[in-house]
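Structure, as C-alpha cells:
There are 2 protein chains.
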Amino acid sequence: MKKAVKDKMGSNTILHVAEASGLSPATVSRVMNNHPYVKEETKKRVLDTIEKLGYHRNNVASGLRSNKTKTIGLIVPRISMFFHAAVITVVQNHLYKQGYNVMICQSNDSLQMEKDLVKTLHSTRVDAVIAACTLQTTDFSHFDLLMKSGIPVIFYDRVPMQKTSAILIKGDDVRGGYLAANHLIELGCKRIAHISGLLSCNLYLDRTAGFEKAMKQNNIPVNKDWIFHHELTYDNARRDLEKIFKKSKVPDGIVADNDTSAIAALEYAKEIGLNVPVDLKIIGYSNDPRSAIISPSITTIEQYPDLMGEKIVKVLMSILSRTNTEDVLQEPTVIPVQLIRRFSA
Amino acid sequence: MKKAVKDKMGSNTILHVAEASGLSPATVSRVMNNHPYVKEETKKRVLDTIEKLGYHRNNVASGLRSNKTKTIGLIVPRISMFFHAAVITVVQNHLYKQGYNVMICQSNDSLQMEKDLVKTLHSTRVDAVIAACTLQTTDFSHFDLLMKSGIPVIFYDRVPMQKTSAILIKGDDVRGGYLAANHLIELGCKRIAHISGLLSCNLYLDRTAGFEKAMKQNNIPVNKDWIFHHELTYDNARRDLEKIFKKSKVPDGIVADNDTSAIAALEYAKEIGLNVPVDLKIIGYSNDPRSAIISPSITTIEQYPDLMGEKIVKVLMSILSRTNTEDVLQEPTVIPVQLIRRFSA
DNA sequence: TTGTACGCGTTATCAA
DNA sequence: TTGATAACGCGTACAA
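Protein chains in written order, with the working numbering: chain A, 195 to 539; chain B, 195 to 539.
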C-alpha cells in the first residue's frame, strides 16, 4: 500500500483515510459514494475515521476521474432583474439539495460575454447549462459547443426561435400580451399604445402577437404611431411618452412589456397632470416589486418565476438521470401567466 | 509518445493537439499558460492546431494538477437583496476579466446552510471565499476550515466582531446611523424612533451606536418604547408602528435601518392619515430602488455597493498574487456612506 | 527551447 | 464484500 503523507496544508486524501482505517482507498471511495456493496460495519469504520481526520472529498479529483463535476452552469442577463433573481434562487436551492452546485454567470446582456461564458462553462466541464439569453442573441450556435460535448442545455424565458436540440421552457407570452391588451379593452380603452421590445426576441414577438390578437378580436385599430419596439429601459419609455403626447390625438391606455416602462409611463403621466387610471390606463409586465409600491400601484402580468424554476429543475434532473444520451426534442414547456389587478388599470 | 484517441464525445485533449502539431504535450501546455520559453513560431503552430481542432482546456484536470481552480466562492444571504446583487455583479464582472469564475451561493439567511456551503466550497477547492454572513452568524468558526486549508476568506458587510485572520470589508455603519439620526434632528425632530436589527450583528450594533451618538450630542432623550431590535422585515416593522401609535405620545421621526422597514413605516403612516414628512419624518437605509419610487420618496443612506465590490476585488487579487501565505491581519477596510435626501425627511 | 516522465486525488475495472 | 491497479488530463521538474 502506498504511503500517504499529509502535506503542509493538512489536507487529507482518501489514502490517509484508507491507511488510518486499515482499509483500501477503493473501499473508502465506495463509502463516500454510497456504493451498495459495503458491509455496514466497514462503512461505520470508514465514516468514523473520516470524521476523526476531518477528511473532505476533493471534488476536483473526483470530477476528473468520474467526468462529473456536479456543477450546473447558469447564464443569465443580470441577476438584479427581479424575475431572474427569483428563478435563480429556486433553481439553486433545489439543485443544492440534489447535490449540485450552480455557477451563476451574468452576460450583462452582452452577446460577446455570453459566448465567452459558454466557452468557460465548457472548460469547467459543468454537467449541464441553463441559460436565459441576451436580447441580441438571435443566433444560438455558440451553444452547440456544449451540446456536441454531451452537455445538455436548457433555455428558459428568452429562447431560440429556430429548431434546436436544447430543452425550451418559456412563459406564456402570447397569452400575457393578450391578457394585458384585453384588460384595457374591457375597461373601455379605445386608443391603446404598446411599448415593447425588439421583435428578434421571442418574448416581444409573442407578447405583440397576443396584443394584436386582442385588438383584432375587438375591432380596435392599431395606431402605428403608438407602437414601439426597442430595449425596454426607463429612458426609452419616457421618450416614447414624450413623442406620444406631443401629438393631438393621444391614447387612453398603455400596454408596457415590462414594469420599468410602465413605471416610466406612470411617472410621466403624473408629471403632465394626467389622472391614472381615469385619463390613462397603464399595464405592465413581470410583477416587479416596484409595481406594487408605486402609487397608483400598477396592474401587471405575473410570470410565476417559482414555477419556472421548479420546472427547470425537474426537467434537468430527468435529463441528468438518463444514462443514454437520447435527444429528446420535445415541445417547449409553457409556464402560465396571470393578470394581477391593481390600480393603474 | 502516447497515442491520443479521440473519445466518442469528440472532446480532445492536450495530447491530440501535441500529436496534430508534431510537438510534445509539455510544449502545448506551455503555450496554453503563456510560458515565456516558447519560440514564437512554435507558439503559433500550437495555437493554429488548437484552433483547428477546437480544443478547449479541461479546467478540472488543470485544477487537480495545479491546485488552482480559478474559481472564487461567494456566499451571500440572498441575491435578491439589492445591495448584494449590486456587490456581486461588480465582483463577478471584475474577477471574470482576471480569469476567475465565481460560484455564487445563497445561504437564504440560514446558518446551517452557510455551514454546508463552506464545506462544499472547500471540497470544490475554490481559490478563495468571499462571504456576507447570515444575521444569525455570531460564531464564525465554520470558516476556519477554509483558512486552515490555505483558502483566504474575505468577509464583507456582515463581518465577525471577534478577532479573525480573515480580511474584513465593511460599510461605515456608525456614520450611517449617525447621519440618519442627525438629519432628522436637524429637521427639528425631538421624538425619534429607531427600527433596527439584532445587536448580535455588527451592522445594527454600529448603526445603533451612530444613532445614539447623534441623540446624545443633541441632548435628545432615547425613549425605550420606540427602540426595536429584530429581523428587519416588512411585517415586523408594521407591528412596531402599530405599537408606537397605540400610545398617546408618538414620535415625530423614524430611523429605519433598512428600506423595507422604512417603506412599511411610510405606508402605515399614510394609512392612518399622517402627512409624511410634515407630521412624521422617515429615513431608511441602503438606497433600495423602491425607496426612490414610492411617494413621497424616501430619504436614505447610500452604501455604495460598487465601491465595496471594487475594494473586495482589489484586496482579493492582491492576496491571490502573493506567493507566500503571510497572514496579513489588517484593520477592516471601511467603505463610506452618504445621505440621499428625498421627500420623506 | 523542447521533450520525457511522473503525479495530483479520485473512481472504475478487474480479480480475489 | 474488499483490494490492487490503472486510468482521467494536465503541469512541471528534470533531462536533453
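Cβ atoms here follow ideal geometry from the backbone N, Cα and C, with glycine treated the same way.
Run of the beta strand (DSSP E) containing K364(A), from where it starts to where it stops: I361 to G365
Min CB distance M502(B) to chain A below 8 Å: no
Interface flag, Q306(B) vs chain A, CB-CB below 8 Å: no
Beta-carbon separation (whole angstroms), N302(B) vs M297(A), contact threshold 8 Å: With 8 Å as the limit, N302(B) and M297(A) do not qualify as a contact, their Cβ atoms being about 18 Å apart.
Beta strand (DSSP E) segments (min. 3 residues) lying fully within the segment 375-419 of chain B: 386-390
Residues near A280(B) in its chain [Cβ-Cβ closer than 6 Å; skip 5 each side]: P499
Where V551(B) falls, given that 16 or more other Cβ within 10 Å makes a residue buried: No statement about residue 551(B) is possible, as the shown extent of chain B runs from 195 to 539 and does not include it.
Beta-bridge pairing of N237(B) - partner residues as DSSP gives them: Looking at the sequence provided, one finds Lys at residue 237(B) rather than Asn. Beta-bridge pairing links K237(B) to no other residue.
Terminal residues of the alpha helix (DSSP H) in which H278(A) lies: F276 to K291
Residue-level contact to chain A via CB, N253(B), 8 Å cutoff: yes
Best match in R535(A), A212(A), S215(A) and N206(A) for proximity to H377(A) [C-alpha to C-alpha]: R535(A)
Where Q330(A) sits in the DSSP three-state scheme: coil
Under the three-state DSSP convention, the category A325(A) falls into: strand
Beta-carbon neighbours of A194(A), restricted to chain B and to distances below 8 Å: The displayed coordinates of chain A run from 195 to 539. Any statement about residue 194(A) would go beyond what the structure contains.
Near-chain A residues of the segment 279-300 of chain B (beta-carbon distance less than 9 Å), N- to C-terminal order: A279, A280, I282, T283, Q286, N287, Y290, N295, V296, M297, I298, C299 and Q300
Residue span of the alpha helix (DSSP H) that contains F337(A), given as start and end: Careful: F337(A) lies outside any alpha helix (DSSP H) and carries neither H nor E.
For H316(B), the first and last residue of its enclosing alpha helix (DSSP H): L305 to S317
Contacts that S317(B) makes with chain A (C-beta to C-beta distance below 8 Å): H250, R251, N252 and N253
Buried or exposed by the 16-neighbour rule on C-beta atoms within 10 Å, applied to E425(A): exposed
Which listed residue (I282(A), M511(A), Q497(A) and L514(A)) has its alpha carbon closest to that of G365(A): Q497(A)
Segments of 4+ residues assigned as alpha helix (DSSP H) that fall wholly inside the segment 413-494 of chain B: 428-440, 453-465 and 483-487
Start-end ranges of the beta strand (DSSP E) lying completely within the segment 503-539 of chain B, minimum 3 residues: 527-529 and 532-534
V449(B) and F405(B) closer than 8 Å at C-beta: yes
Assigned exposure category for Q286(B) - 16 Cβ within 10 Å defines buried: buried
Whether R251(A) touches S218(B) by CB criterion (8 Å): no
Span of the beta strand (DSSP E) around T265(B): T265 to V270
Beta carbon of L468(B) nearer than 8 Å to that of I348(B): no
Nonlocal neighbours in the same chain, by C-beta distance under 7 Å from S394(A), ignoring five residues either side: T332
Under 7 Å from the C-beta of L258(A): neighbouring residues of chain B: V254, A255 and L258
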